[in-house]
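If you read the protein sequences in the order shown, they are chains A and B. Counting in the working numbering, the first sequence runs from 9 upward without gaps. Counting in the working numbering, the second sequence runs from 9 upward without gaps. Ideal Cβ placement from N, Cα and C applies to all residues, glycine included. Working notes, beginning with the structure itself.
2 protein chains.
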Amino acid sequence: MARGLYTDLYELRMVASYLKRGMTGPATFSLYIRPTPERPWFIAHGVDSVLDFLDGFGYSDEDLTFLRGLGFDEATLSELAKMDPRGEVWAVPDGTMVLANEPILEVTAPLPFAQLVETAVINLVQLPTVVATKAARIALAAGGRPVVDFGFRRAQGLETGVAASLAAFVGGGLATSNVEAARRYGIPAVGTMAHSYIQAHPDEISAFRAYAEDFPENTILLVDTYDTLEGVRNAVVVAGELREAGHELRGIRLDSGDLASLSRQSRTILDEAGFPDVQIFASGGLDESGIADLVGVGAPIDSFGVGTDLAVSRDVPAVDIVYKLVAYNGRPVSKLSTGKLTLPGAKQVFRVAGGIEDDVLGLRDEDRPGGLLVPTWRDGARSESFDAAAARQRAAEALTALPDPLKKLERFESPPTPRLSSRLEDLARA
Amino acid sequence: MARGLYTDLYELRMVASYLKRGMTGPATFSLYIRPTPERPWFIAHGVDSVLDFLDGFGYSDEDLTFLRGLGFDEATLSELAKMDPRGEVWAVPDGTMVLANEPILEVTAPLPFAQLVETAVINLVQLPTVVATKAARIALAAGGRPVVDFGFRRAQGLETGVAASLAAFVGGGLATSNVEAARRYGIPAVGTMAHSYIQAHPDEISAFRAYAEDFPENTILLVDTYDTLEGVRNAVVVAGELREAGHELRGIRLDSGDLASLSRQSRTILDEAGFPDVQIFASGGLDESGIADLVGVGAPIDSFGVGTDLAVSRDVPAVDIVYKLVAYNGRPVSKLSTGKLTLPGAKQVFRVAGGIEDDVLGLRDEDRPGGLLVPTWRDGARSESFDAAAARQRAAEALTALPDPLKKLERFESPPTPRLSSRLEDLARA
């Protein structure tokens with residue numbers, strides 16, 4: 009499949025006009041996220057999939073037939089037929105932490121090509137970045153306790169569920185329930201039982217016994233199908249039977265109710281029965297603030313499972329991510345309408361020892377150390393690719409280096425943005 | 009590609025246990041949405057894609073190799089290798105309006121198959137239903153004015169963007185900017201220019217003139233790149249030039265600022281210049297409440313473009329959609345933990361002349377008129393398929409028939425749910 013129709017119609021109309029007028033000079037578009045009070049920083053992710061997309065961009069005969077039906081003329085169609093991926097992409101490596109207004113990538117290419125890929129480029133960066141950022145916030149809240157991604161079923165689409173599981177891993181998740189994501193990206197897969205398993209058996213303890221018999225090395229019992237504390241007591245019985253057979257129960261899972269109180273009562277029951285090493289897993293409607301609350305009150309929970317809130321980034325399912333023309337034919341361009349200033353020129357983000365709080369947004373050709381954007385792609389050939397493990401490592405290092413004020417999970421009325429270099433300020437004022 | 013890995017690991021673990029124990033009797037799972045204060049009703053959509061998914065369900069040799077690596081034994085793998093799509097699906101047709109707790113579909117199949125498809129079935133119904141419902145709310149708010157889907161770039165994934173555009177059309181959108189969705193589903197495609205088009209020209213009026221020359225029959229000028237009212241005055245100049253050439257300017261588009269005030273001032277400028285038929289299109293951060301406000305104050309806007317809020321259903325990007333075991337081996341089953349009652353038995357929703365407010369949720373074998381769920385699939389063969397046009401028509405009729413109290417766009421502290429039939433009540437109490 010050619011990918012040229014994965015675009016908005018206005019891109020094609022503009023391009024038809026550009027082609028007619030010979031407006032095919034080099035254009036630079038800059039992709040960045042506008043300030044978002046709920047997110048003082050972002051884990052950028054999705055650049056690698058953008059490069060994949062660009063590599064396969066073009067128009068098949070079938071695509072052109074469809075466009076002919078929309079009224080595009082033969083001259084335009086013949087230009088589209090020969091539109092090969094061309095130009096250059098500079099980008100931050102996947103997993104890099106960025107602030108609002110800092111470019112995640114910049115495309116410099118003949119104006120028609122750079123314009124046609126706008127829709128897909130924005131789309132392909134957004135979901136991975138939004139979910140990786142959410143995962144990083146959740147990991148911060150969990151304070152070192154493992155976080156597992158349970159979100160596949162509630163993600164916005166099947167392939168999106170796989171992409172979201174990857175982004176959750178990059179942002180700080182430890183493992184996933186998503187089997188296809190585990191296969192495709194080598195993420196550790198986890199999962200034991202749902203309520204339906206309990207219900208399919210005559211009663212809860214029969215279900216626990218059956219599972220412990222079938223998976224004695226890896227039994228985590230879901231205890232809240234009927235009555236949670238009764239479930240914990242049933243789990244204790246089965247833990248005893250497992251121990252007699254030479255195994256130890258790995259854990260129990262709480263999936264509803266007051267998790268702070270239930271985890272304490274469960275811990276007591278388990279400890280008093282002689283099972284201090286049986287772990288307590290908690291899931292069910294959790295997000296970073298719920299986890300921070302549980303950690304804050306000292307709930308004895310060993311690991312958190314997060315589903316919906318992670319997979320769709322429920323509080324911020326989309327950000328104001330834009331792809332703005334900043335130069336055309338060697339001329340820097342900007343946009344001035346109400347509250348939506350666009351800064352002119354191809355850019356670079358300079359980050360030095362001081363860290364993200366001291367970032368400087370400047371022009372790409374400034375002679376300064378610490379530039380984050382690197383050349384990644386030229387005329388269909390990649391000069392970089394970013395694998396999941398490296399991206400995850402990069403995100404983890406950024407979280408470790410994050411200054412305390414930026415660890416706050418609450419809203420920022422004025423989210424941080426980079427300081428402008430004096431050369432960029434001069435150009436913006438010109 | 010086989011689809012058997014598009015699942016959560018716990019499904020496979022449970023199934024391995026079921027297979028070992030010969031627990032392969034018929035199970036019925038019921039998929040429904042729990043009460044959601046922000047959504048008193050839903051436009052169900054996605055059933056057709058579930059049936060597609062079931063048709064292709066199975067395990068390839070590569071899949072089985074991966075599962076062997078996760079520790080599944082040869083007996084389980086050999087059962088998975090021969091797992092063909094089997095069972096029966098009853099569902100409401102795509103585009104049907106449903107309340108919380110009303111099943112959208114029910115799967116009755118051998119327990120292992122019915123369990124393995126859980127993750128994908130939930131996933132495939134959710135996004136289309138959430139977006140079709142959002143589109144219907146936006147269409148209600150617009151009160152008959154056309155609504156156009158501009159959300160592709162902000163959707164959570166590329167294929168999800170195509171699915172979201174389809175769902176937006178089904179729920180009440182008139183057209184889409186998404187070219188691939190237009191091609192695949194025959195949705196009308198619309199779009200003219202972005203700010204970058206204006207910026208790529210030396211000045212705004214040159215850009216307007218160029219576009220009008222290239223698309224004289226379909227010119228909608230984006231007026232807010234620099235100064236909105238100055239942009240409208242430039243559009244008036246070009247409208248005059250177009251008229252001299254025998255064409256009429258179709259419209260202007262406002263994409264930022266105070267749309268109520270700007271639309272009034274733009275209307276006055278256009279009318280006084282002799283262009284009362286030039287339409288005003290508005291876009292930029294709109295959702296149903298923003299549109300309702302604009303309509304409420306009589307803003308002279310002819311058509312609305314909605315992007316992010318529609319494509320990700322920003323206020324409710326995911327709902328509490330569940331797939332619950334309600335019967336196994338002829339035995340109705342239920343679940344009782346805190347606040348999450350599951351009603352037992354295969355069900356039917358009965359809707360009679362009184363409409364959705366009088367819906368009755370009963371057992372499937374009750375002899376009552378107006379059952380909404382129909383048999384759609386059996387053992388890999390479909391008995392129904394639901395195309396986009398029919399789904400859209402069904403949704404439109406439901407919106408027309410919607411009782412006034414349910415047209416409210418605000419929160420419902422107690423969203424409506426169907427009354428239970430006496431037979432279902434008796435069974436739930438048993």
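For residue 35/A, the uninterrupted beta strand (DSSP E) segment begins and ends at 34-41. Only buried fits residue 131/A, as 16 or more other CB atoms lie within 10 angstroms of its CB. Residue 96/B and residue 386/B do touch by the CB rule: their CB atoms are close to 5 Å apart, below 8 Å. The segment 108-117 of chain A makes no contact with the segment 261-277 of chain A, as fewer than three CB pairs between them are under 8 Å.
Contact annotation: in the segment 151-179 of chain B, residues whose CB is within less than 7 Å of a CB in chain A are 160, 161, 162, 163, 164, 165, 166, 167, 168, 169 and 171.
By the Cβ criterion, the segment 141-153 of chain B is in contact with the segment 175-184 of chain B, since at least three pairs of Cβ atoms, one from each stretch, lie closer than 8 Å. Under the 9 Å criterion on CB atoms, residue 255/B is classed as non-interfacial with respect to chain A. Excluding residues up to 5 positions away in sequence, 45 and 48 lie with their Cβ nearer than 7 Å to the Cβ of residue 420/A in the same chain. When rounded, the separation of the alpha-carbon atoms in residue 352/B and residue 52/B is 22 Å.
Residues of the same chain with a CB within less than 7 Å of the CB of residue 76/A, apart from the 5 flanking positions on each side, are 85 in chain order. Close CB contacts of residue 257/B within its chain, under the 6 Å cut and outside five residues either way in sequence, are with 227, 247, 250 and 286 (chain order).
In this structure, residue 139/B places its C-beta atom within 9 Å of the C-beta atom of residue 175/B.
In this structure, the straight-line span from the alpha carbon of residue 72/B to that of residue 190/A is close to 14 Å.
Closer than 7 Å at the C-beta level to chain B, one finds these residues of the segment 182-213 of chain A: 185, 186, 187, 188, 191, 197, 198, 199, 200, 201, 202, 203, 204, 205, 207 and 208.
Within the segment 129-149 of chain A, contact with chain B at the beta-carbon level (separation under 7 Å) is assigned to 130, 131, 132, 134 and 135. The alpha-carbon separation between residue 417/B and residue 141/B amounts to approximately 12 Å.
At a cut-off of 9 Å, the C-beta of residue 392/A has no neighbouring C-beta in chain B.
Interface criterion not met: the Cβ of residue 65/B is under 9 Å from no Cβ in chain A. Distance from the CA atom of residue 320/A to the CA atom of residue 241/B, rounded to whole angstroms, is 43 Å. Under the three-pair Cβ rule at 8 Å, the segment 150-166 of chain B counts as touching the segment 295-303 of chain B. Residue 379/A sits in a strand when the DSSP states are folded into three classes. Cβ neighbours of residue 381/A within its own chain (closer than 8 Å, five residues either side excluded): 98, 99, 100, 111, 113, 114, 355, 356, 357 and 372.
Identification of chain B residues near residue 29/A by a Cβ-Cβ cut-off of 7 Å yields 218, ordered along the chain.
When C-beta distances to chain B are compared with 8 Å, the residues of the segment 106-132 of chain A below that value are 119, 123, 126, 127, 128, 130, 131 and 132, in chain order. Per DSSP, residue 371/A is one residue of the beta strand (DSSP E) stretching across 368-371. Taking 9 Å as the threshold, the shortest C-beta distance from residue 56/B to chain A does not fall below it.
Around residue 278/A, no beta-carbon contact reaches into chain B at under 7 Å, the shortest distance being about 19 Å.
Between residue 222/A and residue 26/B, the alpha-carbon positions lie close to 10 Å from each other. For residue 109/B, the closest C-alpha among the options 395/B, 435/B and 350/B is that of 350/B. DSSP places residue 409/A within a helical segment (H, G or I) once states are collapsed to three. Rounded to whole angstroms, the gap between the alpha carbons of residue 89/B and residue 12/B is 10 Å. In this structure, residue 202/B places its C-beta atom within 9 Å of the C-beta atom of residue 123/A. When Cβ pairs closer than 8 Å are counted between the two stretches, the segment 422-433 of chain A is seen not to touch the segment 324-343 of chain A, the count staying below three. Cα atoms of residue 433/A and residue 207/B: separation of roughly 20 Å, rounded to the nearest angstrom. Put simply, the backbone Cα of residue 177/A is about 12 Å away from that of residue 137/A. With a threshold of 9 Å between beta carbons, residue 312/A makes no contact with chain B.
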